[in-house]
Amino acid sequence: MKTILIDKQYYPHIMLMIDAIDKKERTSLITFIIDKAANTISVIGGKRDALRIIKLPFEGQDPTLQNGKWSIDADMFKYYCEDCLKTKRKNQEIILELDEHPQSDSYVIGYANDHAVRRWQCSAACEAHLDYIASLDNKTFQTVSISALQPMLEVASSHCPLEFFKIDKAQHKIIVQRDNDITTTALPQDLIPEIDLVANQDGLDILKHTCQHTQSGTLMINVDNEQLTVTDGKHSQSCSLESLSEFCNKPKANYTTEVKCVVKIYALKSEIEAYTRVHQIKHNNISLLYFTQNDVYLSGFGCTVDSFQNLSALDITTKQPLLYNINLRQLLKVRIKNITELKGMTLRILKTADGSRKLAFYNEHDPKRPYASIPIELNTNNNDLMAMQTLMAIYNKQNQGDSCKQADLLGYDDI
689 MKTILIDKQY
699 YPHIMLMIDA
709 IDKKERTSLI
719 TFIIDKAANT
729 ISVIGGKRDA
739 LRIIKLPFEG
749 QDPTLQNGKW
759 SIDADMFKYY
769 CEDCLKTKRK
779 NQEIILELDE
789 HPQSDSYVIG
799 YANDHAVRRW
809 QCSAACEAHL
819 DYIASLDNKT
829 FQTVSISALQ
839 PMLEVASSHC
849 PLEFFKIDKA
859 QHKIIVQRDN
869 DITTTALPQD
879 LIPEIDLVAN
889 QDGLDILKHT
899 CQHTQSGTLM
909 INVDNEQLTV
919 TDGKHSQSCS
929 LESLSEFCNK
939 PKANYTTEVK
949 CVVKIYALKS
959 EIEAYTRVHQ
969 IKHNNISLLY
979 FTQNDVYLSG
989 FGCTVDSFQN
999 LSALDITTKQ
1009 PLLYNINLRQ
1019 LLKVRIKNIT
1029 ELKGMTLRIL
1039 KTADGSRKLA
1049 FYNEHDPKRP
1059 YASIPIELNT
1069 NNNDLMAMQT
1079 LMAIYNKQNQ
1089 GDSCKQADLL
1099 GYDDI
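Each residue of the sequence shown is one higher than the one before, starting from 689 at the first, in our numbering.
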């Protein structure tokens, strides 16, 4: 039987392709196209809106291979490649055998490290994959040198986490959307961008990966119809830039700080986790955040249960006691685990001119801009306030005399 070899140097590209295979797509496919005239074997796969093309040179392949195109199941291809990549032998190749039958079904066969057989029945080449290849010929690309692009990507990476970024060559600035807010910063004086560049986090990852693994000195970049496409002339990849138009037209929001403090990360994280284990609290989906002149408290409650914890604030700044409602499900989505090696984190209540508010979370990497935030509402209900004060009295009675504060909490000097 004829064989197709995927050399070790293509492993980084294969790994990205198989990692992007969407398990939710039951009919996810990998497409092979053999084109002897172009001296290539193209492998196409990935998510529907983030396809990748890996081009293998025909030179060094089985010379009896003939032109052809077909698709195979991506799910088993993913696990077969993962098994092949486990081997510790140097220069190991991913080997696929092609069992062709002109009058009946053709198959691709692979052999796992434990000698298990993996066989795929070939189907007609995926039309979406063929359309993607054809679309590349109709795109207009900007060309940028790797040496000029890498410093641009380093600047963009310094603003992570981000949703979008745009490097404006003419105005020598970078515009970043993080947590649905816009900030504009001047580029370093020694950075001379060759092109305008816009991408989201996925696009930034693609650009960095391509720079790292390409053998070319330049990349070609296209942004069209809210899609980013990157190619080095050999391999290509696209990703969705959904909401790009909203980013480009989004005005900068102005906030004032209503409350700012530093709280113990462990106390915040453990209390949130405790709420998820109590059905009444989780079902109620409302937590209360109470700021006093000296401390901040978090509470969760249900019909017959209450939970209350002091978050051990340092140097809290608030003009008066304030009570807020928080959506518990949104709070649970905030990434708190492993954000810092220090023991505390900065919280701020930010307020816009229209009265809307958000609870912003900061880490030591960027004390001025939040890495995440969630909506928060001012609670003026006297019954809720009295309930919090009752719980606070119980807490203070239990912890009377225990006023030890941690002095090494994050953001003490930044608040």
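Here a beta-carbon is modelled for each residue, glycine too, at the ideal position from N, C-alpha and C.
Since this is a predicted model, take the numbers as computed values, not measurements.
- Counting C-beta atoms within 10 angstroms of its own C-beta, residue 814 has 16 or more neighbours from the protein chains shown and is therefore classed as buried.
- Proximity to residue 744 across 894, 695, 990 and 751 peaks at 695, based on C-alpha coordinates.
- Here residue 1071 carries a helix assignment [DSSP, helix/strand/coil].
- In this structure residue 980 touches residue 1009 by the C-beta definition: roughly 5 Å separates them, less than 8 Å.
- For the options 709, 868 and 797, the alpha carbon positioned closest to that of residue 1058 is the one of 868.
- As DSSP reads the structure, residue 927 sits in a beta bridge with 916.
- When the beta-carbon positions are compared, residue 956 and residue 1024 come within less than 8 Å of each other.
- Contact between residue 741 and residue 732 holds, since their C-beta atoms are separated by about 5 Å, short of 8 Å.
- Ranked by Cα distance from residue 952, the first of 901, 908, 940 and 1051 is 1051.
- Secondary structure at residue 842: helix, using DSSP grouped into helix, strand and coil.
- Relative to residue 885, the option among 1054, 728 and 912 whose CA is nearest is 912.
- DSSP places residue 946 within a strand segment (E or B) once states are collapsed to three.
- Taken in chain order, the whole beta strand (DSSP E) runs of length 3 or more contained in the region 847-879 are 852-856, 861-866 and 869-874.
- Taking 8 Å as the cut-off, the beta carbon of residue 717 is found no closer than this to the beta carbon of residue 750.
- Residue 925 counts as buried, since no fewer than 16 other beta carbons sit within 10 angstroms of its beta carbon.
- Here residue 898 is not near residue 892, since their CB atoms are 8 Å or more apart.
- The residues 908, in chain order, have a CB closer than 6 Å to that of residue 919 in the same chain once the five nearest residues on each side in sequence are set aside.
- Contact check for residue 702 against residue 769 passes: the beta carbons are separated by less than 8 Å.
- Looking at the backbone, the Cα of residue 729 and that of residue 820 are separated by about 16 Å.
- Distances from the alpha-carbon of residue 997 to those of 1014, 1082 and 780 put 1082 closest.
- Residue 1003 sits in a strand when the DSSP states are folded into three classes.
- Non-local C-beta neighbours of residue 844 in its own chain, meaning closer than 6 Å and more than five positions away in sequence, comprise 853 and 892, ordered along the chain.
- Assignment of residue 689 by DSSP, reduced to helix, strand and coil, places it in the coil class.
- For residue 809, the uninterrupted beta strand (DSSP E) run begins and ends at 805-809, by DSSP.
- The alpha carbon of residue 830 has as its nearest neighbour, out of 816, 783, 798 and 881, the alpha carbon of 881.
- Under the three-state reduction of DSSP output, residue 699 falls in the helix class.
- With a 10 Å radius around the Cβ and a threshold of 16 neighbouring Cβ atoms, residue 984 comes out buried.
- CA-to-CA, the gap between residue 922 and residue 857 works out to about 27 Å.
- Inclusion of residue 850 and residue 838 in the CB contact set at 8 Å is not warranted, their separation being larger than that value.
- Note that the C-beta distance between residue 1018 and residue 1063 is below 8 Å.
- Taken through DSSP and simplified to helix, strand or coil, residue 785 comes out as strand.
- In the displayed model, residue 1043 falls within coil according to three-state DSSP, outside both helix and strand.
- CA-CA distance, residue 873 to residue 692, rounds to 49 Å.
- In the structure shown, the three-state DSSP call for residue 882 is coil.
- Contact annotation: residue 1072 and residue 1011 have beta-carbon atoms nearer than 8 Å.
- Taking residue 711 as reference, the option from 842, 764 and 942 with the minimal CA-CA separation is 764.
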